[in-house]
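The first sequence begins at 25 in this note's numbering and counts up by one. In this text, a Cβ means the ideal position worked out from N, Cα and C, and glycines have one as well.
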Amino acid sequence: MKRSHFFIPTQKEVPQDAEIVSHQIMIKGGYIRKTAAGIYTLLPIALKIQKKIENIIRKHMNAAGAYEIYMPVLSPAELWMETGRYQIYGKELMRIKDRHDRDFVLGPTHEEIVTDIVRKNIKSYKELPVCLYQIQTKFRDEVRPRFGIMRGREFTMKDAYSFDASPEKAVESYLKMEKAYNDIFSELELEYSEVEAQSGPIGGSTSKEFMVHASSGEDKILSCARCGYAANIEKAGAKYDNPDEPLKELAEAETRDKKSVEDVAAFMNMKPEKIIKTIIAKTEKGFRALLLRGDRELNTEKAKAALGLLEIVFATEAEIEKITKAPQGFSGPVGLEDIPVIADVSLQGLRNAAAGANKKDMHFLNVNAERDFRVEEYADIAFAKEGDACVKCGGELRSFSGIEVGHIFVLGTKYSKSMSARFLDENGKEQIYHMGCYGIGVGRTMASVIEQKYSQDKGMYWPSCIAPFDAEILVMNCKNEDAVKAGQALYEKMKAAGLDPVIDERNINAGIKFAESDLLGTPFRIVLGNRFLETGKYEVLKRKTFEKTEMTEEEVMALFG
RNA sequence: CGGGGUGUAGCGCAGUGGCUAGCGCGCUUGGUUCGGGACCAAGAAGUCGCUGGUUCAAAUCCAGCCACCCCGACCA
Numbered sequence: 025m026k027r028s029h030f031f032i033p034t035q036k037e038v039p040q041d042a043e044i045v046s047h048q049i050m051i052k053g054g055y056i057r058k059t060a061a062g063i064y065t066l067l068p069i070a071l072k073i074q075k076k077i078e079n080i081i082r083k084h085m086n087a088a089g090a091y092e093i094y095m096p097v098l099s100p101a102e103l104w105m106e107t108g109r110y111q112i113y114g115k116e117l118m119r120i121k122d123r124h125d126r127d128f129v130l131g132p133t134h135e136e137i138v139t140d141i142v143r144k145n146i147k148s149y150k151e152l153p154v155c156l157y158q159i160q161t162k163f164r165d166e167v168r169p170r171f172g173i174m175r176g177r178e179f180t181m182k183d184a185y186s187f188d189a190s191p192e193k194a195v196e197s198y199l200k201m202e203k204a205y206n207d208i209f210s211e212l213e214l215e216y217s218e219v220e221a222q223s224g225p226i227g228g229s230t231s232k233e234f235m236v237h238a239s240s241g242e243d244k245i246l247s248c249a250r251c252g253y254a255a256n257i258e259k260a261g262a263k264y265d266n267p268d269e270p271l272k273e274l275a276e277a278e279t280r281d282k283k284s285v286e287d288v289a290a291f292m293n294m295k296p297e298k299i300i301k302t303i304i305a306k307t308e309k310g311f312r313a314l315l316l317r318g319d320r321e322l323n324t325e326k327a328k329a330a331l332g333l334l335e336i337v338f339a340t341e342a343e344i345e346k347i348t349k350a351p352q353g354f355s356g357p358v359g360l361e362d363i364p365v366i367a368d369v370s371l372q373g374l375r376n377a378a379a380g381a382n383k384k385d386m387h388f389l390n391v392n393a394e395r396d397f398r399v400e401e402y403a404d405i406a407f408a409k410e411g412d413a414c415v416k417c418g419g420e421l422r423s424f425s426g427i428e429v430g431h432i433f434v435l436g437t438k439y440s441k442s443m444s445a446r447f448l449d450e451n452g453k454e455q456i457y458h459m460g461c462y463g464i465g466v467g468r469t470m471a472s473v474i475e476q477k478y479s480q481d482k483g484m485y486w487p488s489c490i491a492p493f494d495a496e497i498l499v500m501n502c503k504n505e506d507a508v509k510a511g512q513a514l515y516e517k518m519k520a521a522g523l524d525p526v527i528d529e530r531n532i533n534a535g536i537k538f539a540e541s542d543l544l545g546t547p548f549r550i551v552l553g554n555r556f557l558e559t560g561k562y563e564v565l566k567r568k569t570f571e572k573t574e575m576t577e578e579e580v581m582a583l584f585g
């Protein structure tokens, strides 16, 4: 491709709303343009890269035995009503009506559609397992799209769905996908971690996320350097250690106007770890008292999962007063008889703690579980944090940020059950499919590569398997015919060798060529300048290592093996 | 959806009641440069987000609407 005839509209300044590196580079470098909020047009180089990423995904999905299909973007509302997601999905689901006033949705994911296909077409255990995938445009009417194509309302996703005869077989399918995902992200030269994740509204039991390491990532991950445990902070657990000590006698203390844990701790000159924080929560099954150690925050996602609840919200002040007979800030478990008391695991073994007395301006001292109040259940309901002890091995947890580029789930029978997707087993008995689902954000993966591979002083580097071109030839002085001819000769030679080079033969300032080259990030930059005219050698920059070498034509061609 | 903010040339911005709406970058033409977004000169480019109102006069004041952005809960 000749740079003079290719559509790469670069710009020197970027719009103010581009906050993260990948968004900035994609606008600056002429990769994408915004069409509406969260909706982008991919320009030629971004499309080229995306297609290469798609093909790498295809290669590994096919190798894992999955079959590519293509389901419609538009699907009838009835399928979504079968599983109840037409209601549950909420406003994020794009809904439209056809000319007959029938309801349709623009697919945000395809469990319903694929389950419908499978239930109508697979009837025997002999045909299992089956794993179907597609690469397609998805629609999610995000409340707040941001960061360019990182979180758009329309985006490209690879979604795969496995169907198995038993839970054990479903796990086998899941493990195959896990391997395929590791192969994919490794080939893309991404630094990433596979972390335990909360399943959330898609449902299912086991789930892992593939997190690309990036400071701009929206997810927080805790990981243990000693044993390798890693989990999304939404899910991560920790071990807690409370010093053993002889029980002291329960006592009351006046704590006028001291409501928050910090205030109480400071006032009583004790560590927040010695205070029991009591949260009155409203759930779909009624009110609950949730106890946390004073240095902990409630993690509603973990709490929902641990307690089998769908909704947990904080009670209002009026509700708190009604239940505890005291104003907000003085709630405590002692004497709280009317609602179930659930304690976070951080409270196990805590002795002689302070807690609200369910009386205005009063706290109890030397509160001890079992002796002074009854705990219905200990559950893991608090956020773990950096510095905590690893749940698996007790090592120290470190925190980092990540971009979620992939997510794999064991789904169980959530969809097959509600949609009556059945097959006949060896005994001629009807059984329900055990499913799994597996997603990769394709555009997001492309953006993640930029987040990781772009640097201010060295520019962009695209790994050769997905680079927009194999190499870029920069002819520095385009008024010099010899230089232009030599550049073009090399360009033709590379093309003849089956390579996909780009040549910048525009008669423009050198600075612009270098700046734009840094935005394009081809694995090799081959410069023909004055040195070339003197020595006949090309200056080659290998972007992966940022090494500069002078090379003969033969050596240049040898780079591509 | 809650809170905050912004809409003026392709991009970044200035212009708070006054006559022809500016500046930098980018773009076009000519010239000089020619290894890190260079310089000189001449140009083209705007329904001042939309609708309505106040006024002799509105980008500027008022109202409504729309779009976009930032902070939260959600997700590939």
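- Residue burial is scored here from C-beta neighbours: HIS134 has at least 16 other C-beta atoms within 10 angstroms and is therefore classed as buried.
- In terms of Cα proximity to THR569, the closest of GLU578, GLU563, PRO547, ALA582 is PRO547.
- A direct Cα-Cα distance of roughly 28 Å separates LEU212 from PHE187.
- Restricted to the segment 345 to 413, the beta strand (DSSP E) segments that are unbroken, complete and at least 3 residues in length are 365 to 368, 377 to 383, 386 to 391, 401 to 403, listed in chain order.
- Under the three-pair Cβ rule at 8 Å, the segment 337 to 352 does not count as touching the segment 229 to 240.
- Membership of ASN256 in the beta strand (DSSP E) is indicated by the continuous run 254 to 256.
- For the options ILE303, ASP368, ALA445, the alpha carbon positioned closest to that of GLU401 is the one of ASP368.
- The alpha-carbon separation between GLU276 and VAL391 amounts to approximately 10 Å.
- In this structure, the CA atom of ASN533 is about 11 Å from the CA atom of LYS503.
- In this structure, GLY380 places its C-beta atom within 8 Å of the C-beta atom of SER355.
- Cβ neighbours of ILE93 within its own chain (closer than 6 Å, five residues either side excluded): LEU156, GLN158.
- For VAL154, the beta-bridge partners assigned by DSSP are PHE187.
- Cβ-Cβ separation between ILE363 and ARG280: approximately 27 Å, too far for a contact (criterion under 8 Å).
- Each of ILE257, LYS438, ALA330 was checked against the Cα of LEU421, and the nearest Cα belongs to ILE257.
- Between the alpha carbons of THR180 and THR230 lies a distance of about 24 Å.
- Secondary structure of PHE234 (DSSP, three-state): strand.
- Short of 6 Å from the beta carbon of ARG549, and not among the five residues preceding or following it, lie these beta carbons of its own chain, in chain order: GLU496, SER541, LEU565.
- Assigned with DSSP and collapsed to three states, ARG82 falls in helix.
- With fewer than 16 other beta carbons inside 10 angstroms of its own, GLN40 counts as exposed.
- The Cβ atoms of SER46 and MET174 sit closer than 8 Å to each other.
- Taking the Cβ atoms as the reference, ALA330 lies roughly 4 Å from ALA403, within the contact range of under 8 Å.
- By the CB criterion at 8 Å, SER370 and ALA238 fall outside the cutoff.
- Taking 8 Å as the upper bound for CB-CB distance, ARG555 and LYS561 are in contact here, some 7 Å apart.
- For PRO100, the three-state secondary structure derived from DSSP is strand.
- Using a Cβ-Cβ distance cut-off of 8 Å, the segment 500 to 518 and the segment 457 to 475 are not in contact, since fewer than three pairs of beta carbons, one from each stretch, lie closer than that value.
- In the structure shown, HIS458 falls within a strand segment according to DSSP collapsed to helix, strand and coil.
- DSSP, read as helix, strand or coil, puts LYS26 in strand.
- Per the DSSP secondary-structure output, LYS572 pairs in a beta bridge with LEU565.
- In its chain, beyond the 5 residues on either side, CYS155, LYS200, MET201, LYS203, ALA204 have a beta carbon closer than 8 Å to the beta carbon of ALA88.
- Classified as buried, PRO153 has 16 or more neighbouring CB atoms from the shown chains inside 10 Å of its CB.
- In this structure, the alpha-carbon of GLY545 lies about 45 Å from that of ASP127.
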